[in-house]
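Here is the structure we will look at.
Okay, structure coming up:
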């Protein structure tokens, strides 16, 4: 049943496009006005010009490109540059498994299967008409999940993702989700445009979109949270509630383990120019020593703007489900899935030229790289310039252990002496490896461990480096212990006077090329594209203005002199030939003498 919230969200989705069209109209109008003012100045119709008009033109073009670019990407599933396409020939067992889960969920299988380096799984679709009409469907599956989840837990995870595409009500949810993505993408484009170039309407429009997206998110996220519970129910029907709950509990720990594997081992060996042929198998080997521990998440506060319900709420609902789980035959275990290894290595290590090695060779080189040689270098530096193991032993025999220890911790004497012992362990181990009497063994939980091969009368006896710890401790604590350590090293064909042969130390600071970093690079690319579009638009306006300012071509003709006969009639003078102005005569009657006026009488004498 389609809820009222879903219908309201779809109605609000129409407003996304109306708001975008308003933004296009405003940006287009400002661009036309700014371009017209620029053209008038170029043609000489304006004597003064404000340079801010050019900035307004620039900002309007950037805004226009940002809005139109966001509209055209609505309905697309997104970029697939951060994934590896897997054909059925490359992974037949995995494809068969995916199709089986899709059939049990009751939907058509995906058209593409792509592996990623993220601890996540998702199904995307190039839907048409805002998601109402189906399109090409893709399954993105994280490579770490193949190494850690059991087949039934992986079935639960895929069943959840496929559950989002069951039924008409879920299709409406896809439309609602696509609407939010469209609005979010438009707002991000405007924010990027406004940040990169503050002139123009991008900043104002981004505020309008921010208010609208808050309203839309409040309504649409409630629909999405309800659908997450429905997808969990589909997964529980296929794989059982226990498998779904176990997968949910494990995701955070899997993500931490995968990050440690890539950061501490895969990228560091890649910096030296090599990588394992099968990175998934090496991750499985790491988990054998440091297994993933699933934990129950703590309670989370209610958030009306959360796109997913809390994991605790999902686990609580799963615990209350009672479904019949079908009995299955033994299924593939982690690390047995086939996949295109070389393409995955290139995906995990982009822009790096590496040599892929078999597992044994890669483990050996990784162990050598993880050897604790940094403290050995510090110890040699404390012993003096050009120091060797013999120099350090002589210093200890002279009773100057405190002078060496202060280099490691000048404030705490006990801690400094403990670190001095660790440094001497590492230095002795390095000399043993150089002499061929030992080798480093990779440890997934700390620095590499030293394995010593000691020659005996009955053959070669392998013993761990821990048996030499007593000799090292005694050499640091007492002068008499130095001679015993020298004798033991001599029996292992170690020359302590040999110069310390150190390889170029690789930087321990490596960059994990995660999806956020890829998105950041894509954001910078979009900003550059916006600038480029604005520059092209301004250049086009300038060219058009220059072209319209040129005089039109004229035919050259001979101009003959003309003669105008004088007119034979007279015309009234105009203002160019005025009549002469003469002074007007005036007359004052007061200048004439006159007798006094007679006074009238009444006629009596």
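Numbering (full-length UniProt numbering), first residue to last: 1 to 605.
The C-beta atom is built at its ideal place from N, Cα and C for all residues, glycine as well.
For residue i, does the count of other Cβ atoms within 10 angstroms reach 16, so buried, or fall short, so exposed?
| i | result |
| --- | --- |
| residue 14 | exposed |
| residue 43 | exposed |
| residue 499 | exposed |
| residue 229 | exposed |
| residue 155 | buried |
| residue 429 | buried |
| residue 125 | buried |
| residue 286 | buried |
| residue 157 | buried |
| residue 414 | exposed |
| residue 207 | exposed |
| residue 22 | exposed |
| residue 241 | buried |
| residue 371 | buried |
| residue 32 | exposed |
| residue 189 | buried |
| residue 298 | exposed |
| residue 485 | buried |
| residue 385 | exposed |
| residue 143 | buried |
| residue 110 | buried |
| residue 96 | exposed |
For the alpha helix (DSSP H) containing residue i, list its first residue and its last residue.
| i | result |
| --- | --- |
| residue 315 | 311 to 319 |
| residue 439 | Where residue 439 is concerned, there is no enclosing alpha helix (DSSP H), although the beta strand (DSSP E) it sits in stretches over 438 to 441. |
| residue 348 | 341 to 348 |
| residue 261 | 241 to 261 |
| residue 402 | 401 to 405 |
| residue 100 | 92 to 105 |
| residue 285 | 279 to 289 |
| residue 427 | 413 to 434 |
| residue 153 | 151 to 163 |
Tell me which residue opens and which closes the beta strand (DSSP E) that residue i is part of.
| i | result |
| --- | --- |
| residue 140 | 137 to 142 |
| residue 274 | 274 to 276 |
| residue 114 | 112 to 116 |
| residue 124 | 121 to 125 |
| residue 357 | 355 to 357 |
Please report the Cβ distance between residue i and residue j, rounded to the nearest whole angstrom; I am assuming they are in contact, meaning their Cβ atoms lie under 8 Å.
| i | j | result |
| --- | --- | --- |
| residue 18 | residue 216 | About 13 Å separates the two Cβ atoms, so there is no contact after all. |
| residue 356 | residue 277 | 5 Å |
| residue 379 | residue 427 | 6 Å |
| residue 153 | residue 227 | With 8 Å as the limit, residue 153 and residue 227 do not qualify as a contact, their Cβ atoms being about 21 Å apart. |
| residue 354 | residue 275 | 4 Å |
| residue 145 | residue 119 | 7 Å |
| residue 117 | residue 348 | 5 Å |
| residue 16 | residue 183 | 5 Å |
| residue 231 | residue 323 | The pair is not a contact, with the Cβ atoms about 14 Å apart (cut-off 8 Å). |
| residue 493 | residue 435 | 5 Å |
| residue 255 | residue 444 | Incorrect: roughly 17 Å between the Cβ atoms, too far for contact. |
Looking only at C-alpha atoms, which of the options sits nearest to residue i?
| i | options | result |
| --- | --- | --- |
| residue 100 | 422, 238, 406 | 238 |
| residue 488 | 431, 449, 446 | 431 |
| residue 320 | 244, 35, 119 | 244 |
| residue 404 | 392, 411, 412 | 392 |
| residue 491 | 323, 396, 452, 346 | 452 |
| residue 135 | 214, 180, 123 | 123 |
| residue 139 | 176, 94, 151 | 94 |
| residue 296 | 325, 477, 251, 479 | 251 |
| residue 20 | 40, 37, 39, 186 | 186 |
| residue 607 | 440, 141, 496 | Since the first residue of the chain shown is 1 and the last is 605, residue 607 is not available in this structure. |
| residue 389 | 501, 336, 326 | 501 |
| residue 141 | 67, 98, 482 | 98 |
| residue 221 | 443, 176, 377, 351 | 176 |
| residue 375 | 396, 479, 423 | 423 |
| residue 366 | 447, 214, 433, 410 | 447 |
| residue 482 | 83, 395, 112 | 395 |
| residue 368 | 272, 224, 302, 416 | 272 |
| residue 433 | 421, 449, 327, 282 | 449 |
| residue 213 | 191, 224, 180 | 180 |
| residue 336 | 441, 25, 425, 92 | 92 |
| residue 344 | 83, 37, 36, 45 | 83 |
| residue 224 | 292, 159, 304, 253 | 304 |
Please confirm if residue i has its CB atom under 8 Å from at least one CB of chain B.
| i | result |
| --- | --- |
| residue 242 | Here there is only one protein chain, and chain B is not present. |
Does the segment 105 to 124 come close enough to the segment 150 to 165 to have 3 or more Cβ pairs within less than 8 Å? yes
Just checking, does the segment 303 to 321 make contact with the segment 390 to 408 on the three C-beta pairs under 8 Å criterion? no
Are at least three pairs of beta-carbons, each pair with one atom in the segment 303 to 312 and one in the segment 261 to 275, less than 8 Å apart? no
Please confirm if the segment 335 to 352 is in contact with the segment 79 to 95, defined as three or more CB-CB distances below 8 Å between the two stretches. yes
Given 8 Å as the limit, is there contact between the segment 247 to 261 and the segment 355 to 371, that is, 3 or more CB pairs closer than that? no
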